[in-house]
Structures are given as structure tokens and as C-alpha cells.
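Structure, as C-alpha cells:
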Amino acid sequence: MHNVRAKYASADGKHARMAAGRVDGGFRYAYADDLIEFGFYDIGHKFMTRKQIDCTQRNDRVYEPSRREFVSSCVVAGTAAALCSADASAQDESAIPIIDSHIHFFDPNRPQGAPYTGPPGVPTEPSFPPRYRKLAVPLGVVGAIKVEASPWVEDNLWALQVCQTDEMIVGVVGNLQPEKPEFVEYLDRFAKDPLFRGIRYGNLWGYDLSQQLDNPTFVSGLKRLADADLVLDSANPNIKFLQAIVRTTDLVPDLRIVVDHLPNLEPTQQTLAEYNQLLDEIRDRPNVFVKLSSVIHPVNGKISKELSPYENRLDTLMQVFGEDRVIFGSDWPNSDGVASIDEVFGVVKQYFAKKPRSVAEKYFWKNSIRAYKWTKRTPNQPSIS
Ligand SMILES: [Zn+2]
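In terms of this note's numbering, the sequence shown is residues 54 to 438.
Written out as C-alpha cells, the structure is:
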């Protein structure tokens with residue numbers, strides 16, 4: 054599974070890349086020109102097979118070996134054929150492009166610092182696109198949405214400027230307060246940037262969605278958000294929060310809402326009936342999406358990196374929201390507080406590997422387009438035609 058390597062190199066040798074380790078990450082390299090040399094190595098770096106692709110003949114200039122190509126190149130390699138066919142099935146599944154709809158950037162080294170600088174218990178480290186890219190690309194990520202990590206209004210602009218620098222980032226969910234008199238002015242200004250995909254408002258930063266729903270100014274701000282075709286992200290889930298989500302859709306039915314991290318809400322004996330009733334209410338509200346994120350979380354005080362303790366909860370949420378309203382998000386680097394990014398991806402990849410490929414595609418990228426309406430910035434980002 055882990056002992057095949059692939060290498061790409063342009064004919065002038067300037068763009069050599071080695072994809073080490075797993076071969077199921079999906080090989081996608083874009084070159085500006087000429088030939089790509091493509092081959093497979095064994096773990097000892099012995100060339101098993103090689104092939105050249107004329108990139109000038111390709112419109113998108115992105116090369117991704119098909120399953121057939123992958124297997125046939127392995128057959129050429131003879132003794133490694135069996136090894137590669139096992140890998141080929143894994144590649145087939147994991148070649149689904151991934152849009153990670155929930156990541157955070159912040160810079161604790163700014164003179165002003167930052168309101169959020171990572172999860173407790175993890176050494177503080179600035180979070181910028183290059184750090185994420187290095188971790189996420191090998192996992193199959195081709196795009197990501199940065200969700201707010203600061204209530205400072207100027208951090209909306211900071212986030213847009215940081216995300217502008219890396220085409221992997223397809224959206225920014227900002228932080229504006231619809232109850233404030235300046236909300237409309239800010240919204241109109243930020244909405245001009247196509248990266249700006251909405252705001253997050255729930256119970257973080259001392260906000261109280263539930264209470265604000267009684268405030269006509271707040272509700273008219275949400276209507277303005279819906280009119281701008283933008284999204285309300287919301288966290289963190291508890292029973293009162295779910296009640297507020299239901300009320301929000303009653304008040305602003307056209308607003309697309311993304312409920313963040315719902316898998317980590319564990320109802321108690323006392324709250325289970327109400328939890329189920331609220332999910333029933335949400336079931337028939339087509340504009341409410343859910344991020345099946347924060348899947349790895351403490352259950353009875355224990356954090357498991359296996360799928361099994363979380364599987365029933367995921368089944369329930371899949372059944373409530375259906376395959377068209379579930380979205381992937383890693384919550385990196387906040388997720389570092391409970392598990393490595395590989396483990397975070399691993400659990401949901403394992404869960405969706407059991408589902409039809411069409412369902413996994415909806416979860417890993419298609420539904421993020423339906424919810425956020427982001428536009429692609431690179432040729433390897435998928436789009437719904
Ligand atoms: Zn988060």
C-alpha cells in the first residue's frame with residue numbers, strides 16, 4: 054500500500070516532483086509547458102516503468118493518471134503488478150478531489166496578536182496557506198474555505214488578503230455582526246470580493262444567535278445576507294443552538310445555513326428526545342446544510358481515532374440531511390487539539406469509502422459548491438457543469 058512512488062519531471066528537468074509514500078493521494082501536477090515524465094518506482098527508487106506525456110497537447114495542462122493507465126504501467130513493471138493493482142483500487146476511490154470547507158488561518162506574530170491562535174495544548178504556530186497546503190495536498194485536497202477565527206472587523210480584510218495569495222483557497226467565511234448599525238456597509242463592501250462567501254454567527258465570541266433572533270435589525274441583516282446570495286455558517290452546536298437554527302430558517306427561509314461540526318454534539322439522556330425532534334424539524338429545510346466535521350471528539354471522556362465510535366452518529370446525520378446537504382471540513386488547525394490531520398481525513402474517508410462514489414463526491418466537494426457557490430481558481434478544482 055505504501056511502497057510505490059511516482060515521479061513526474063518536465064523534459065527540461067526543472068519541474069521534478071516525487072510523490073512519496075502512498076500512491077492513493079491522486080497525482081495532479083500542472084506544468085506550464087513541455088513534457089511530463091511519469092513513472093513508478095519501488096521503494097528502493099528503482100524505476101519500474103516510465104512514460105512521457107506531451108503536455109502541450111492537453112488543454113488543462115494537468116496530468117492525472119487514469120486507473121487504466123496506472124494499472125497498465127504497473128503491468129509493464131512485471132513483478133510489481135500485484136502490488137500495484139492493490140494500490141490502484143485505493144487510488145480509484147481517493148482520486149475524488151477534496152474541497153476542505155473548514156480551515157482557519159491566523160497570525161499570532163502580528164503586533165496586535167490574534168484573538169485565536171490554535172487549540173489549547175498545542176504549541177502556537179502561525180497558520181498560513183503554505184503550511185496547510187503542505188499537509189493537505191497529499192491528502193487529495195484541491196481547494197479550501199477559510200472560516201473566520203476572529204471577531205475583529207479588520208480581520209475580514211486580513212483573511213481576504215491572505216487567501217488571495219493562494220489559489221487553493223476558494224472562499225472566506227467572515228465575521229460580521231448583523232445587529233450592528235455598520236453591518237450593511239461592511240457587508241456591501243466585503244461582498245464585492247468573490248472570495249467572500251458569507252459570515253459565521255452562532256454562540257462563539259460571546260454572540261448569541263438565539264437572543265438576536267428577537268432583534269428586527271439582526272433579522273433584516275440576515276435577509277440582506279440572503280439577498281447577497283451569501284451563507285450563514287454557525288457554531289458550536291448544542292440544543293439551544295439547534296433551536297435557533299430552526300427559528301432562523303423560519304424567519305429567513307431563503308438563507309443558506311451551514312451548521313458546523315454537528316457530529317460532535319453528544320445528546321444526553323435528558324436532551325436526546327429534543328435533539329431528535331430538532332433534527333426532524335431540520336430534515337425538511339432544504340437550505341440547511343451540515344458540516345460532517347469535528348467527527349473525532351471525546352465520547353465518554355475518551356478520544357478514539359477509529360471510525361466505529363462515531364459511525365452511528367454519522368449514519369443519523371446522513372439520514373437526516375441526506376446526501377445533498379452534507380459537507381466535508383477538517384477544522385484544521387483547530388483539529389490538531391484532538392488528532393492529526395491525517396487521522397481527521399482518515400475517519401471520514403473510511404466512512405465514505407463504504408458509500409457509492411457519487412455520494413462521496415457530494416460530500417467531499419459537490420455540496421460545498423451548492424452551499425457556498427464558490428468559483429474555481431485553478432484547473433484542478435472541480436466544478437458542476
Ligand atoms: Zn473551526
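Where a beta carbon is used, it is the ideal one built from N, C-alpha and C, also for glycine. Remember, predicted model here, so these are calculated numbers, not experimental data.
In the DSSP assignment, find the alpha helix (DSSP H) that holds residue i and state where it starts and stops.
i: V412; result: R410 to E414
i: V299; result: I292 to L304
i: A148; result: Where A148 is concerned, there is no enclosing alpha helix (DSSP H), given that its DSSP letter is neither H nor E.
i: L332; result: L325 to R336
i: D282; result: Neither: D282 is in no alpha helix (DSSP H) and is coded neither H nor E.
i: G484; result: Absent from the model: residue 484. The displayed extent of the chain is 54 to 438, so no value can be given.
i: A197; result: No alpha helix (DSSP H) holds A197; the beta strand (DSSP E) holding it covers V194 to V200.
i: V215; result: E207 to Q217
i: V175; result: V175 -> no alpha helix (DSSP H), and no H or E assigned at all.
i: F243; result: F236 to F243
i: R423; result: N420 to Y425
i: S263; result: L262 to Q265
Buried or exposed for residue i, going by 16 or more other Cβ atoms inside 10 Å?
i: S180; result: buried
i: N162; result: exposed
i: S388; result: buried
i: P386; result: buried
i: T109; result: Legend: pLDDT at T109 = 48, less than 50; position of this residue unreliable, no value from coordinates given.
i: D337; result: exposed
i: A326; result: exposed
i: E201; result: buried
i: T302; result: buried
i: S438; result: exposed
i: G174; result: exposed
i: N365; result: exposed
i: N268; result: exposed
i: K415; result: buried
i: R250; result: buried
i: Q265; result: buried
i: A133; result: With a pLDDT of only 36 at A133, under the threshold of 50, the placement of this residue in the model should not be trusted, and no figure is reported.
i: K344; result: buried
i: S411; result: exposed
i: D241; result: exposed
i: S287; result: buried
i: N209; result: buried
i: S436; result: exposed
i: G166; result: exposed
i: K293; result: exposed
i: K407; result: exposed
i: P164; result: exposed
Would you grab the beta carbon distance between residue i and residue j for me? Rounded to a whole angstrom, and I think it's under 8 Å.
i: E334; j: V379; result: Rounded, the Cβ-Cβ distance is 18 Å, inconsistent with contact.
i: T428; j: P247; result: 6 Å
i: P361; j: N317; result: Residue identity check: residue 361 is Ser in the sequence provided, not Pro. About 16 Å separates the two Cβ atoms, so there is no contact after all.
i: F342; j: N420; result: 7 Å
i: L470; j: L331; result: Summary: the structure shown does not reach residue 470, with the chain confined to residues 54 through 438, and so no result is reported for it.
i: A413; j: F405; result: 4 Å
i: E178; j: R430; result: Not a contact, Cβ separation roughly 26 Å.
i: G196; j: A212; result: The pair is not a contact, with the Cβ atoms about 16 Å apart (cut-off 8 Å).
i: S441; j: Y239; result: This structure does not reach residue 441, given that the chain is present from 54 up to 438, and the question cannot be answered.
i: R277; j: V237; result: 6 Å
i: K199; j: I222; result: 6 Å
i: V401; j: F381; result: 6 Å
i: V206; j: C216; result: Not a contact, Cβ separation roughly 17 Å.
i: F398; j: L192; result: 5 Å
With residue i as the anchor, note down where its beta strand (DSSP E) starts and where it stops.
i: K358; result: Careful: K358 lies outside any beta strand (DSSP E) and carries neither H nor E.
i: R184; result: Counting along the chain, R184 falls outside any beta strand (DSSP E), though it belongs to the alpha helix (DSSP H) covering P182 to A189.
i: V311; result: R309 to V312
i: R253; result: F249 to R253
i: K344; result: V341 to K344
i: I222; result: I222 to G227
Take every Cβ of the stretch 145 to 159, pair it with every Cβ of the stretch 363 to 376, and state whether three or more of those distances are shorter than 8 Å. Between the stretch 145 to 159 and the stretch 363 to 376 there are fewer than three C-beta pairs closer than 8 Å, too few to call the two in contact.
When a residue counts only if its C-beta is closer than 6 Å to some heavy atom of ligand 1, which residues count, in chain order? Here the residues come out as H155, H157, V200, D384 and N387.
Contact between the stretch 226 to 234 and the stretch 251 to 261 (3+ Cβ pairs under 8 Å): As far as the Cβ criterion goes, the stretch 226 to 234 touches the stretch 251 to 261, which means the pair count is three or higher.
If you pair each beta-carbon of the stretch 150 to 166 with each one of the stretch 352 to 365, do three or more pairs fall below 8 Å? Contact between the stretch 150 to 166 and the stretch 352 to 365 is absent, because fewer than three Cβ pairs lie under 8 Å.
Is there contact here, the stretch 304 to 314 with the stretch 268 to 283, by at least three beta-carbon pairs under 8 Å? When Cβ pairs closer than 8 Å are counted between the two stretches, the stretch 304 to 314 is seen to touch the stretch 268 to 283, the count reaching three or more.
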